[in-house]
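Q: Below: one structure in C-alpha cells.
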Amino acid sequence: MCGIVGYVGKPPVVGTVLDALSRLEYRGYDSAGIAVFNGRGIEVRKRVGKLKELIASLNTQPLEGQAAVGHTRWATHGEPSERNAHPHLDCRGELALVHNGIVENYAELKARLLGQGHRFRSQTDTEVIAHLVEEHAKRLPLAEAFRSALKELRGSYALCLIAKRDPTHLHGARAGSPLIVGLGRGEAFLASDVPAVLARTRRVIYLNEQEVVELSTSGVKLTTLNGTPVARKPSTVSWDLSAAQKEGYDHFMLKEIFEQPSAVERTLYNRLDAAKGQIAFDHRTRAFLSRLSSREKFVIIACGTAYHAGLVGGYMLEELAKIPVDVDLASEFRYRAPMLDRDTTVIAITQSGETADTLAGVRLAKEQGAKVLAICNVMGSSIPREADAVLYTHAGPEIAVASTKAYTSQLTVLYLLTLSLAKRRGLVKPARLRELLTTLGRLPRLIERSLAAEPAIKRIARRYARARNFYYLGRRYNFPSALEGALKLKEICPRIHAEGYAAGEMKHGPISLIRNGWPVVFLATDSTVYEKVVSNIEEVRARKGECLLIASEGNRAIRRHADALITVPKTEELFSPILIAAPLQLLAYHIARLNGCDIDQPPNLAKSVTVE
Ligand code: F6R
C-alpha cells in the first residue's frame, strides 16, 4: 500500500516522477505529493485526492529540479490530508522522505524526538523517520545517519530520501515492503514496483529485506543495515511498457479481463506437453515435489481473490492427487495454532508476493518446520524469495485493483500442480491424463469463448444495475466462484452489497432475505452437483428471487429456470471455475460502470495490502 518513487537524472524530473507515480496509483490514491531539490533547497507540493489533483497543481505552479521523491498514499496513520500526505520533512526542511509501511514504535520514537526539540507537522508514523535521520545526521554522514535511524525502527518500510546535503543521491531501504532500483541511461530510480520504471528502463535490482541503497546517476551502492557491501547484478525484466498501459481500453480491469487467454497461455507455456502426458516444472520445483512424503498434507494460505483460487485448488488436489488439504485465510492462519510438521507443505498463493498476512503465514510455516511452495505473479517479490520453491504465474503486471487475470493464472498453476502430483502418485491413467492435459492446453481458447458472452452480459447488467443486493451461489468447485463473483462486484461497486454463499447453505438462513426481484447469480454449469443446484434455483424462484444463471453451452433445459442466462463452454467440472471467471468479472465490471463507479481505483482499497 502506498507507492513510492525516487528519481535522479535529467529534466523534467517532476514529469518523470509523476509518470512513474501514475503507474503506482493502484497502490493507494487518497493523497499524493512530491519533493524536489531545486538546486538551492527542497520544495514540496501535496494534494488530497488522486494524483491528478497534484498534477493539476503542478501544471499551474510548476516545480523543477535535479532529484525528487514522490508518493501516492493509502492512509494508515492519520486521515488523508495535505498535512499527512508524504513526503515528510525534517525540522529544517532539508531532507524529504517517502515511506510505504508502518513504523510500529513511532509513538515512543516521537516522544523522544519531541523531547529533543523536534517539531512535528503531521499525525503520521512516517514523519518520525525524517526527524530520526535528522537527529543522527547531527553527528554522522548522511548515509550512516540513515542506516542508524533504520536500526531504531520496528515495523515495515520501503523508504526513499533526498537531502539538500547530498542532492545527487537517493537513499533507499526496505524491510517488509517492496523496493526496486531502476537503472536507466544517465538516470536512476527507486520505486515500489517495476511498472513505475518500465517506460524508461527494464534493468532493475530487487532489494532484499534489510538492505540499504545509495543511488546516483553514476552508480549504485547496496549494503546491509550495518553498511556491509552487497553485490547484486541488475536483472532484465521481461514485461514491456504496453503491459502497464491501458492500450485503448477504458479501464485496466477490462483490459486485464480480456488479457486472460494470453495470461493463461503464458502460464502454461513450456510447462505442458499434452500429447506426451507431461508437465514440466523448473529444476527447483521438481526437486521440491520429489521430496514430498507419502503422508504429505497441504495447507493453502492466501487472501481475497487468491484465497478463492486456493479454495478451488483444495477441491482439485484432494479429488485428483488425494492429498489432504486445508485452505485458510492467511490472516486467520497466522493467528491460530496450526498443526504443521515436516510432512506439511504450505502453499502460499499471492499475485503481488507482498501481502503482509500471507508473508507472515509463510514465516510461521517455516518456523514450524513446514515446507513452503509459493504461487506468485511478481518475480523477486518477498514471498517467492522466502519460499522453498516457486511456481510463477505469468499474467504480466496486474494494475487494476480488482484481480482478474492473476486469479485465472493462479487456477492454471493449480491445475498443473494437481495433475503433476496425480501423475507422480500414479493416480491417473495415462490416457485420462492426456485428456485432462489436452483440455488444460485448450483453456486459453475456451476462455475466449467465455469472453464472447460480453454482449449478453452487458444486457443483463443493464437490467440489474439498479439492484442493491446480490447473492452469488454455487456448489463444490463453483462455491469459490460464487465468493469470487460477489467479491468482484462489491469491490468495484461499493454501492452494492453482494454476498457469495454455498448454494446448499441457503436454507440455513440466508434464503429468508430473498424478496421480489432480488438478483441471485447461480453457477449452474454441468457438474456432479448440477441437479442440486437446479433445486436451489427453484427454491429461490419460489420466493420470487430473480435467477441469473451461468450454465454450460448446449444446456437447453436450464432456460426455463432462468430469468437471465449466460453460457460458457461445456467442460470438465474442475475446469469450470476458470471459464466462469470471465463472465463474473464482466458482470461486475458492467454493473459498476453503469453505476458510475471508479472501477480501477475503488474507494478505500489498495491493490497490494502490505499492512495488517
Ligand atoms: C481482489 C483483490 C484482493 C487480492 C488480495 C491478495 O480483487 O485483488 O482481494 O486478491 O489482496 O493479494 P495478493 O494476491 O497480492 O496476495
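Residues are numbered in this note's numbering as their position in the sequence shown, beginning at 1, plus a constant of 271. Idealized CB from N, CA, C, for every residue including glycine.
What is the chain-ordered set of residues for which the beta carbon lies under 5 Å from any non-hydrogen atom of the ligand F6R?
A: C574, G575, T576, A577, T621, Q622, S623, T626, A673, S674, V880
Q: Near T626, what residues of its chain come up, given a Cβ to Cβ distance below 6 Å and the 5 sequence neighbours on each side ignored?
A: Closer than 6 Å at Cβ, skipping near neighbours: C574, V880.
Q: Taking DSSP's pairing of strands, which residues face H370 in a bridge?
A: L430
Q: Taking all protein chains shown into account, do 16 or more other C-beta atoms lie within 10 angstroms of the C-beta of D612, making it buried, or fewer, making it exposed?
A: exposed
Q: Among the residues of its own chain, which have a CB less than 8 Å from the CB of T556, if the five just before and after it don't count?
A: Residues of the same chain with a CB within less than 8 Å of the CB of T556, apart from the 5 flanking positions on each side, are L644, A660, V661, L662 in chain order.
Q: For K526 and Y678, what's the separation of their Cα atoms in angstroms?
A: 15 Å
Q: Helix, strand or coil, according to DSSP, for L588 in the structure here?
A: helix
Q: List in chain order: all unbroken alpha helix (DSSP H) runs of 4+ residues lying wholly within the stretch 607-640.
A: 627-638
Q: Contact between the stretch 726-740 and the stretch 862-873: three or more CB pairs below 8 Å?
A: By the Cβ test, the stretch 726-740 is in contact with the stretch 862-873, since at least three Cβ pairs between them sit closer than 8 Å.
Q: Suppose you measure from the CA of C647 to the CA of G632; what does that come to, to the nearest Å?
A: 15 Å
Q: Rounded to the nearest angstrom, how far is the Cβ of P438 from that of F308, given a contact under 8 Å?
A: 4 Å
Q: Considering K409, what are the terminal residues of the alpha helix (DSSP H) in which it resides?
A: Looking at the DSSP string, K409 is not in any alpha helix (DSSP H), and its letter there is neither H nor E.
Q: Kindly list the residues whose CB is nearer than 6 Å to the CB of G581, restricted to its own chain and excluding five residues on each side of it in sequence; keep chain order.
A: I571, A573, V598, I620
Q: Less than 8 Å separating the beta-carbons of V452 and L469?
A: no
Q: E530 to L685, Cα distance in whole Å?
A: Near 19 Å, if we compare the C-alpha coordinates of L685 and E530.
Q: If you check the beta carbons only, do N787 and I851 fall under 8 Å apart?
A: no
Q: Grouping DSSP H, G and I as helix and E and B as strand, with all else coil, what is I290?
A: Reading off the sequence, residue 290 comes out as Asp, not Ile. The answer is helix: DSSP assigns D290 an H, G or I state.
Q: Quick one: is P840 buried, meaning 16 or more other Cβ sit within 10 Å of its Cβ, or exposed?
A: buried
Q: Which class does V452 belong to by DSSP, given the choice of helix, strand or coil?
A: strand
Q: Per DSSP, which one or two residues make a beta bridge with E770?
A: Y742
Q: Below 8 Å between beta carbons: does that hold for I837 and P854?
A: yes
Q: In whole angstroms, what is the alpha-carbon distance linking L366 and H342?
A: 15 Å
Q: A835 to I731, Cα distance in whole Å?
A: 7 Å
Q: Taking just the CA atoms, how far does G372 sit from S847?
A: 38 Å
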